[in-house]
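This note's numbering applies: residue 10 is where the sequence shown begins, and numbers increase by one. Quick reminder that beta carbons are idealized off the backbone N, C-alpha and C, glycines included.
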Amino acid sequence: MSLLIFTVTIEAASVETRDPYVHFFDQFFGDLQEELANAKEEGKKGVLIFFEMDECPFCHRMKRTVLNRPEVQKFFKENMLSFAIDIEGDVEMVDFKGETMSQKDFSFKVNRVRATPVIAFYDLQGEQVVRYTGATSGPDEFLWMGEYFVDGHYQKQSFTRYKREKRKASKNR
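Below you can see the structure in the form of structure tokens.
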């Protein structure tokens with residue numbers, strides 16, 4: 010029994026992780042219109058916004074167990090620009106429509122964020138096309154969400170159905 014515990018501990022400790030603020034999130038200069046133009050220029054599929062707040066344990070769990078994984082970081086860096094927005098922030102920013110407001114107003118008034126984290130995907134026209142509230146179960150589910158957006162599955166089915174199909178397919182391997 011102790012050998013099994015030792016093996017599991019070594020395996021868990023050997024998972025490579027990297028700081029999500031360095032390797033997942035892009036530096037946000039406060040203008041989503043400009044960032045959208047950058048996404049288009051770089052051939053990205055869109056923009057991800059991770060609405061968070063300092064006291065949110067689920068936000069911290071996502072950053073500690075999902076957003077810090079190299080495979081997650083690689084997929085998202087290749088396919089979209091990703092930004093963290095503080096839902097309590099007073100820092101001024103420009104939204105996708107060119108309106109100036111605080112991060113707090115962008116979160117509450119424009120996006121109706123009431124709980125965190127909220128993971129929102131925006132297409133290249135600045136329209137929110139996928140929204141997920143809460144922490145994902147782990148890196149696989151978060152990657153599936155990214156694929157769901159990038160491959161356009163959101164146009165045909167709900168994420169719940171897509172996730173169910175992915176789980177079923179992974180069990181049948």
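Item to check | Selected residue, minimal CA-CA separation from T125, among K54, E64, T26, D40 | outcome: Out of K54, E64, T26, D40, E64 has the C-alpha closest to the C-alpha of T125.
Checklist entry - Going straight from the alpha carbon of A144 to that of M154, what length do you get? => result Between the alpha carbons of A144 and M154 lies a gap of roughly 12 Å.
Checklist entry - Got a sec? Which residues, its chain only, sit under 6 Å from H162 by beta carbon, not counting five neighbours each side? => result Y171, listed in sequence order.
Checklist entry - Among all the DSSP beta bridges, which residues are the ones paired with S116? => result None, per the DSSP bridge assignment.
Next on the checklist: Starting from Y157, trace the alpha helix (DSSP H) in both directions and tell me its first and last residue.
Outcome noted: Taken as a continuous stretch (DSSP letters only), the alpha helix (DSSP H) holding Y157 covers 148–159.
Checklist entry - If L45 and L133 are in contact, beta carbons under 8 Å, what's the gap, nearest whole angstrom? => result So it is a contact: roughly 7 Å between Cβ atoms.
Checklist entry - Counting along the chain, where does the beta strand (DSSP E) carrying E101 start and finish? => result First-last of the beta strand (DSSP E) with E101: 101–103.
Checklist entry - What does D95 pair with, by DSSP beta-bridge criteria? => result Note: D95 is bridge-paired with E61 in the DSSP secondary-structure output.
Next on the checklist: In whole angstroms, give me the CA-to-CA distance for S146 and T74.
Outcome noted: Taking C-alpha positions only, S146 is separated from T74 by approximately 10 Å.
Checklist entry - Is DSSP giving L41 helix, strand or coil here? => result Three-state result, L41: helix.
Next on the checklist: Under 8 Å: do the segment 77–84 and the segment 98–110 share three or more Cβ pairs, one atom per stretch?
Outcome noted: By the C-beta criterion, the segment 77–84 is judged not to be in contact with the segment 98–110, since fewer than 3 inter-stretch pairs fall below 8 Å.
Item to check | Reference F115, options D95, F130, I128, Y131, closest by Cα | outcome: Comparing alpha carbon positions, the residue from D95, F130, I128, Y131 closest to F115 is D95.
Checklist entry - How many angstroms separate the CA atom of E97 from the CA atom of Q112? => result Here the alpha carbon of E97 sits roughly 7 Å from the alpha carbon of Q112.
Item to check | Counted within 10 angstroms of its Cβ, other Cβ atoms place F34 as buried (16 or more) or exposed | outcome: Its Cβ being crowded by 16 or more others within 10 Å, F34 is buried.
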